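Novice: Residue numbers (the numbering used here), protein chains in the order written: chain A, 14 to 199; chain B, 14 to 199. Got a structure for you, written out below as structure tokens; questions coming shortly.
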DNA sequence: AACTATTTTTGATTTCAATCAAAAATCAAC
DNA sequence: GTTGATTTTTGATTGAAATCAAAAATAGTT
């Protein structure tokens, strides 16, 4: 979904407000395997996935680990860079073709000061970000790879159509061979 | 540190504002092993650790896993309950004696609408919460138990004086025996 | 459709941490 | 300080998943 459409499902916006917001959005199509945000980069942008699937990952010497997946209407936020002026460890890679809307965070910030409803949206965006992260920590600490696999199936069924096994395995915390065996049973 | 003192280090507050805030704070001393927030409870309160150490944990059938530690001036936030009206999976347990300030989130919320600086504080609280959570995910997915151990030592050196090994081990993601062996080397 | 490249599955072996069990050390209470 | 309880360390064994290697299956290209 187009980000403006998405905003309109969450908050009320006047025509002029929509225009203001539209001005700071840039939109880009991406292909499978395309790097939307490189690892260990500094980027102060919001990445809103309008269409398609991505993975947030970290890669260093041989290891390539998927932290989480993003699907339509979800947001990637380089927290380290935007809020702490640090290099962001994670990168974002496309696992299907699609469209991403990117917004310079500073410009977004100035708009939120003018549009109260947009501030509300930003707040709830942060809250859902916190929620996702804490859920993920629970999932990593307290659930088994199998349970993780099942949760992923219900939360992101279409990921399996797009993502190579290896990325899913690293998300679950097992090797691709183990995942292959895990799902062969039954 | 007293929460009011802490707020004053972060934002400017008038005398009347301080009074307003003070009214909604309740303060409680706790002892070692005391349960500050039971597991799978519903609580819409902010827990600010004024003094001492706690752990945020989850426990179910035999398993008892520490998600993270809290020390002085840190905040425990039952995200699920406050923002999603769900039961909060995690509990908070004291690992030393100390003091916790608890604040009803709704009352806090109303105050933030009146005190703009307090809103700023809440925003940066959410941001640091996001930062901590995403760092933790990175730590869990990309670092070894040994690296985790070393990070914990630098970030929370005093945890080791208060917490039984088992809790630290579950935080790191290994058994207590393995941790014991890990630190015996050298 | 045929060929190539990539991805997934299957098999055999190894390894590292969990488990089980007991001893040693530390802590707490009297 | 002594006793008992709790926590930590050490040792032996087991098991589950990683690794290594190759075959099978799938997808992509001309």
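We put the CB at the ideal spot given by N, CA and C, even for glycine. Because the structure is a prediction, the values reported are computed rather than measured.
Please confirm if residue 149/B has its CB atom under 8 Å from at least one CB of chain A.
Specialist: yes
Novice: Cutting at 7 Å between CB atoms, please list the residues of its own chain near residue 199/A, excluding the five before and the five after it.
Specialist: Confidence in residue 199/A is poor, its pLDDT being 45 and thus under 50, which makes the residue's placement unreliable; the coordinate value appears in the next sentence. For residue 199/A, where only same-chain residues beyond five positions count, there are no Cβ hits under 7 Å.
Novice: For residue 112/A, verify whether its CB is less than 7 Å away from any heavy atom of the ligand FAD.
Specialist: Looking for the ligand FAD in the displayed structure turns up nothing, as the structure carries no ligands at all.
Novice: Determine the burial state of residue 84/A: buried for a count of at least 16 other Cβ atoms within 10 Å of its Cβ, exposed for fewer.
Specialist: buried
Novice: Take every Cβ of the stretch 132-143 of chain B, pair it with every Cβ of the stretch 68-77 of chain B, and state whether three or more of those distances are shorter than 8 Å.
Specialist: no
Novice: By how many angstroms is the C-alpha of residue 104/A removed from the C-alpha of residue 48/A?
Specialist: Rounded to the nearest whole angstrom, the CA to CA distance from residue 48/A to residue 104/A is 8 Å.
Novice: Do you know how far the Cα of residue 166/A is from the Cα of residue 130/B?
Specialist: Spanning the two alpha carbons is a distance of roughly 43 Å.
Novice: According to the neighbour-count rule (16 or more other Cβ atoms, all chains shown, within 10 Å of its Cβ), is residue 51/B buried or exposed?
Specialist: Around the beta carbon of residue 51/B, fewer than 16 other beta carbons sit within 10 angstroms, so the residue counts as exposed.
Novice: If the cut is a Cβ gap below 7 Å, which residues of chain B does residue 146/A touch?
Specialist: For the C-beta of residue 146/A, the chain B residues within less than 7 Å are, from N- to C-terminus, 143, 146, 147, 150.
Novice: Below 8 Å on C-beta distance, what does residue 80/B contact in chain A?
Specialist: Going along chain A in sequence order, the residues near residue 80/B (Cβ under 8 Å) are 150, 151, 154.
Novice: Using the beta-carbon count (16 or more within 10 Å), is residue 63/A buried or exposed?
Specialist: buried
Novice: For residue 88/B versus residue 61/B, is the C-beta spacing smaller than 8 Å?
Specialist: Yes, these two residues count as a Cβ contact at 8 Å.
Novice: How many angstroms separate the CA atom of residue 156/B from the CA atom of residue 186/A?
Specialist: 12 Å
Novice: Tell me whether residue 100/B is buried or exposed, calling it buried when 16 or more other Cβ atoms sit within 10 Å of its Cβ.
Specialist: exposed
Novice: Anyone know if the C-beta pair for residue 179/A and residue 109/A falls short of 8 Å?
Specialist: no
Novice: Applying the criterion that 16 or more other CB atoms from any shown protein chain within 10 Å of the CB defines a buried residue, is residue 118/A buried or exposed?
Specialist: buried
Novice: If you drop the 5 nearest sequence neighbours on each side, which residues of the same chain put their C-beta closer than 7 Å to that of residue 125/A?
Specialist: Taking C-beta separations shorter than 7 Å and ignoring five residues to either side along the sequence, the partners of residue 125/A in its chain run 131, 132, 135, following chain order.
Novice: Enumerate in chain order the residues of its own chain whose CB-to-CB distance from residue 82/A is below 6 Å, with the five nearest sequence positions on each side excluded.
Specialist: 68, 169, 172
Novice: With respect to the alpha helix (DSSP H) encompassing residue 165/A, which residues constitute its N-terminal and C-terminal limits?
Specialist: Unbroken alpha helix (DSSP H) run through residue 165/A: 158-168.
Novice: With DSSP run on the structure shown, which of helix, strand or coil describes residue 77/A?
Specialist: strand
Novice: For residue 98/B, which beta-bridge partners are listed by DSSP?
Specialist: The partner list for residue 98/B (beta bridge, DSSP) is empty, contrary to what the question assumes.
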